[in-house]
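> Residue 261 in this note's numbering sits at position 247 of the sequence shown, and the numbers go up by one each step. Glycine is no exception: its CB is placed at the ideal position from the N, C-alpha and C atoms. Keep in mind that this is a model prediction, so the values were computed, not measured.
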Amino acid sequence: MASTLVGERVAMARFMVTAMPFSGHVAPMAAVAAALIARGHDVRFYTGSAFREQVERTGARFVPWQAAPDFDEQNLPATFPRLVGKKGFRQLMVNMEDLFVGTTPAQLADVRAEWERDPWDALVSDEASLAPSVIAEAIGCRWATVAVLPLHLVSPHGPPPGLGLRPGGTALGRARDGALRALIPALSGTLTAGANRARVAAGLAPASVGFDRQVWSAELILASGVPALDFDLPGRPAHLYWVGRLTGAGDVPRAAWWGDLDGRRVIALTQGTQNVDPDDLLRPALDALADLDAVVVASTGVRGQDTFPFPVPPNARVAAMVPFDELFPRADVLVTNGGWGGVVTALSHGLPLVIGGGDLDKPEVAGRVDAAGAGINLRTGSPKPAAIRAAVDRVLAETSYRARAREIAGQLADAGGAERAAQLLEEFASQ
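Printed below as a string of structure tokens:
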């Protein structure tokens with residue numbers, strides 16, 4: 015039964031939340047699930063088995079990937095061998111084809127079995143996968159999208175998302191953007207063909223629109239972040255709502271060396287949890303900052319790995335995971351590869367950034383933060399130590415970066431977060 019309005023109280027609704035099995039996707043969706051449960055709703059959560067405990071802590075009922083090929087986000091080639099040796103654009107395309115499109119029929123099989131056992135009022139899904147649109151159409155349920163990545167909805171007022179380019183501000187720049195947008199059908203042709211094969215396998219007709227439009231709900235989109243991190247583009251759809259930061263504080267313990275931060279300048283350093291080769295960013299950053307009068311706190315991003323396979327400078331402190339919500343208020347700069355969740359978390363604390371993003375959506379994140387004035391884009395995922403040091407020194411010296419990061423922190427707080435997302439989903443289910 016869909017939720018109904020009773021005075022100002024909303025009766026219970028039933029939600030199926032789905033997230034691709036990546037830490038950066040599950041965490042914001044888990045926050046939304048927890049907020050829905052806190053408002054009295056029934057929530058199931060479909061994702062990979064590695065996230066069972068995280069899901070169950072929210073109070074949601076866990077539904078595992080079974081027909082869909084469960085995988086380890088830190089060893090994708092073990093399940094998707096075409097990824098072996100791939101980086102940059104080639105990695106992005108194989109990721110999209112094999113993970114985010116190719117798993118669609120199997121995801122549908124899993125979710126359809128759950129629907130037949132016990133239906134729900136609304137499907138709530140991240141935007142990375144084709145599967146939610148196919149699931150919603152195949153079983154006949156309503157569907158809302160939660161954008162857990164930088165908003166990659168194509169706008170008529172800017173270049174295609176994913177390139178890290180600022181919208182053109184001149185006639186020539188706008189012409190460039192239009193020419194690039196015109197290339198989207200050709201560039202996404204392989205994905206659209208794969209999406210249509212998945213639709214046919216699900217018993218549906220090929221879509222009348224390209225892949226880039228199929229991943230978005232036509233009824234409700236909840237976007238993490240704020241317009242300042244979307245180039246302040248005009249003309250976004252009326253059914254799109256910005257909801258700020260979705261993730262909450264985690265339960266990562268402090269390392270034994272935490273007291274070493276007291277009274278010191280602190281530089282935070284992370285390369286996320288997916289592409290975790292430390293030679294890309296972590297090692298050159300540690301070298302770059304070795305003689306800085308600061309404590310450099312580095313996260314390896316690998317569960318159980320509290321050290322690097324190389325010596326670190328005396329001013330470095332290392333842990334597998336770090337409690338960012340405790341670290342960032344004490345830090346002066348974050349050096350990062352540009353994972354969206356970590357960037358939004360940093361900005362929610364008013365922390366400026368230096369971003370070396372080379373893979374997947376990371377160049378786009380770097381471009382948006384740079385355009386917003388809250389950090390510096392190194393324009394590569396494998397920067398040299400000298401470039402990292404120059405950028406850190408500049409952010410430390412120029413107060414505008416910190417000031418702009420604090421402005422965005424206020425905007426993120428005002429957007430309402432997971433609680434606002436849950437309110438909008440509640441209203442959606444009651445319609």
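Taking just the CA atoms, how far does Leu-186 sit from Thr-72?
In the sequence shown, residue 72 corresponds to position 58, counting from 1. In the sequence shown, residue 186 corresponds to position 172, counting from 1. Thr-72 and Leu-186: Cα-Cα distance of roughly 50 Å.
> Is the separation between the beta-carbon of Glu-128 and that of Arg-58 shorter than 8 Å?
Counting from one through the sequence shown, the residue named residue 128 turns up at place 114. Counting from one through the sequence shown, the residue named residue 58 turns up at place 44. The answer is yes: Cβ separation under 8 Å.
> Which residue from Ala-25, Arg-28, His-39, Ala-45 puts its Cα closest to that of Gly-430?
Numbered from 1 along the sequence shown, position 416 holds the residue referred to as residue 430. Of the candidates Ala-25, Arg-28, His-39, Ala-45, the one whose C-alpha sits nearest the C-alpha of Gly-430 is Ala-45.
> Secondary structure at Trp-134, three-state DSSP: helix, strand or coil?
The sequence position of residue 134 within the sequence shown is 120, counting from 1. In this structure, Trp-134 counts as coil in the three-state DSSP scheme.
> Considering only C-alpha positions, which residue in the set Thr-184, Gly-178, Pro-174 is nearest to Ala-200?
Taking the sequence shown and counting its residues from 1, the one referred to as residue 200 is at position 186. The option with the nearest alpha carbon to Ala-200 is Pro-174.
> State the DSSP-derived secondary structure class of Trp-129, mapped to helix, strand or coil.
Walking along the sequence shown from the start, residue 129 turns up at place 115. Reduced to three states, the DSSP call for Trp-129 is helix.
> From what residue to what residue does the alpha helix (DSSP H) around Ala-263 run?
Here residue 263 refers to the residue found at position 249 when the sequence shown is read from its first residue. Neither: Ala-263 is in no alpha helix (DSSP H) and is coded neither H nor E.
> Leaving out the 5 sequence neighbours to the left and right, which residues in its chain are closer than 6 Å to Glu-433 when beta-carbon positions are compared?
Residue 433 sits at position 419 when you count from the first residue of the sequence shown. The answer, listed in chain order, is Ala-49.
> How far does the alpha helix (DSSP H) with Phe-29 in it reach, from first residue to last?
Indexing the sequence shown from 1 puts residue 29 at position 15. Counting along the chain, Phe-29 falls outside any alpha helix (DSSP H), though it belongs to the beta strand (DSSP E) covering 28 to 32.
> With 16 other CB atoms within 10 Å as the buried threshold, where does Phe-324 fall?
Start at 1 with the first residue of the sequence shown, and residue 324 comes out as number 310. The residue in question, Phe-324, is exposed, as its Cβ has fewer than 16 Cβ neighbours within 10 Å.
> Note the first and the last residue of the continuous beta strand (DSSP E) segment covering Leu-275.
In the sequence shown, residue 275 corresponds to position 261, counting from 1. Where Leu-275 is concerned, there is no enclosing beta strand (DSSP E), given that its DSSP letter is neither H nor E.
> Sorted by chain position, which residues of the same chain lie with C-beta nearer than 6 Å to Val-266's C-beta, five sequence neighbours on each side aside?
Here the question's residue 266 lines up with position 252 in the sequence shown. Here the set comprises Met-335, Pro-337.
> Can you grab the Cα-Cα spacing for the pair Gly-395 / Asp-132, in whole Å?
As a first step, residue 395 must be located in the sequence shown, where it is residue number 381. As a first step, residue 132 must be located in the sequence shown, where it is residue number 118. C-alpha separation (whole angstroms): 45 Å.
> So, is Asn-289 buried or exposed, given that buried needs 16 or more other C-beta atoms within 10 angstroms?
Locating residue 289 in the sequence shown gives position 275, counting from the first residue. By the 10 Å Cβ count, Asn-289 comes out buried.
> Since Trp-79 is in the beta strand (DSSP E), which residue starts that stretch and which ends it?
Locating residue 79 in the sequence shown gives position 65, counting from the first residue. First-last for Trp-79: undefined, no H or E at that position.
> Does the segment 337 to 350 touch the segment 280 to 287, meaning 3 or more C-beta pairs lie closer than 8 Å?
With the cut-off at 8 Å, the segment 280 to 287 and the segment 337 to 350 touch.
> Please go through the same chain and pick out, in chain order, the residues whose beta-carbon is closer than 7 Å to the beta-carbon of Val-115, but skip the five residues on each side of it.
To locate residue 115, count along the sequence shown from 1; it is residue 101. Taken in chain order, the residues that qualify are Leu-144, Leu-205, Gly-208, Ala-209, Ala-212.
> Report the start-end ranges of each beta strand (DSSP E) in the segment 321 to 401 that is 3 residues or longer and not cut off at the edges.
You should have 330 to 333, 347 to 350, 367 to 369, 389 to 391.
> Going straight from the alpha carbon of Ala-419 to that of Pro-42, what length do you get?
For the purposes of this step, residue 419 is taken as residue 405 along the sequence shown, with counting starting at 1. For the purposes of this step, residue 42 is taken as residue 28 along the sequence shown, with counting starting at 1. Distance between the alpha carbons of Ala-419 and Pro-42 is about 21 Å.
> Determine the direct distance from the alpha carbon of Trp-79 to that of Leu-177, and round the result to whole angstroms.
The count along the sequence shown starts at 1 and reaches residue 177 at position 163. The count along the sequence shown starts at 1 and reaches residue 79 at position 65. About 32 Å.
> Grouping DSSP H, G and I as helix and E and B as strand, with all else coil, what is Ala-219?
As a position in the sequence shown, residue 219 is number 205, starting the count at 1. If DSSP states are grouped into helix, strand and coil, Ala-219 belongs with coil.
> Assign Thr-287 to one of three DSSP states: helix, strand, or coil.
Start at 1 with the first residue of the sequence shown, and residue 287 comes out as number 273. In the structure shown, Thr-287 sits in coil (DSSP, three-state: anything other than H, G, I, E or B).
> Taking 7 Å as the cut-off, is the beta-carbon of Thr-284 closer than that to any non-hydrogen atom of the ligand PLP?
This structure simply doesn't include the ligand PLP, nor any ligand for that matter.
> Going by Cα to Cα distance, which pick from Leu-197, Gly-192, Arg-408, Phe-245 is closest to Gly-224?
Start at 1 with the first residue of the sequence shown, and residue 224 comes out as number 210. The residue with the shortest Cα to Cα distance from Gly-224 is Leu-197.
> On the criterion of 16 or more Cβ atoms from any shown chain inside 10 Å, does Ser-17 qualify as buried, or is it exposed?
Within the sequence shown, numbered from 1, the residue matching residue 17 stands at position 3. Legend: pLDDT at Ser-17 = 46, less than 50; position of this residue unreliable, value from coordinates given subsequently. So Ser-17 ends up on the buried side.
> Where does Ala-52 land, buried or exposed, given buried means 16+ other C-beta within 10 angstroms?
Position 38 of the sequence shown, counted from the start, is the residue given in the question as residue 52. Its Cβ having fewer than 16 others within 10 Å, Ala-52 is exposed.
> Comparing alpha-carbon positions, which option in Ala-25, Asp-56, Tyr-60 lies nearest Thr-32?
Numbered from its first residue, the sequence shown carries residue 32 at position 18. It is Tyr-60.
> If we count the other Cβ atoms within 10 Å of its Cβ and call it buried at 16 or more, is Gly-382 buried or exposed?
For the purposes of this step, residue 382 is taken as residue 368 along the sequence shown, with counting starting at 1. This sequence places Arg at residue 382; Gly is not what is there. Buried, because 16 or more other Cβ atoms sit within 10 Å of the Cβ of Arg-382.
> Roughly how many angstroms lie between the CA atoms of Glu-440 and Gly-356, to the nearest whole one?
Residue mapping note: residue 440 aligns to position 426 of the sequence shown, counting from 1. Residue mapping note: residue 356 aligns to position 342 of the sequence shown, counting from 1. Cα to Cα, Glu-440 sits roughly 27 Å from Gly-356.
> How far does the alpha helix (DSSP H) with Asp-246 in it extend, from its first residue to its last?
Here residue 246 refers to the residue found at position 232 when the sequence shown is read from its first residue. Where Asp-246 is concerned, there is no enclosing alpha helix (DSSP H), given that its DSSP letter is neither H nor E.
> State the CB to CB distance for the pair Asp-373 and Lys-101, rounded to an integer number of angstroms; the pair is presumed to be in contact (CB under 8 Å).
Indexing the sequence shown from 1 puts residue 373 at position 359. Indexing the sequence shown from 1 puts residue 101 at position 87. Right, the Cβ-Cβ distance comes to about 6 Å (below 8 Å), so this counts as a contact.
> If you compare alpha carbons, which of Glu-421, Arg-66, Leu-300, Ser-313 is closest to Ala-400?
One-based indexing of the sequence shown puts residue 400 at position 386. Nearest option by C-alpha distance: Leu-300.
> Sorted by chain position, which residues of the same chain lie with C-beta nearer than 6 Å to Gln-121's C-beta, five sequence neighbours on each side aside?
Along the sequence shown, one-based indexing puts residue 121 at 107. Here the set comprises Ala-82, Ala-145.
> Should Val-20 be labelled buried (16 or more other beta-carbon atoms within 10 Å of its own) or exposed?
What you label residue 20 is simply residue 6 of the sequence shown in a count that begins at 1. Interpretation of Val-20 is limited by its pLDDT of 37, a score under 50 that renders its predicted location unreliable; the figure taken from the coordinates is listed afterwards. Flag for Val-20 reads exposed.
> Let me confirm a value: Leu-438 is counted as buried when at least 16 other C-beta atoms fall within 10 Å, else exposed. Which label applies?
Here the question's residue 438 lines up with position 424 in the sequence shown. Result: buried.
> Just the C-alpha distance for Gln-88 and Thr-261, rounded to the nearest angstrom, thanks.
Within the sequence shown, residue 88 is the residue found at index 74, counting from 1. Within the sequence shown, residue 261 is the residue found at index 247, counting from 1. Their backbone Cα atoms lie some 21 Å apart in a straight line.
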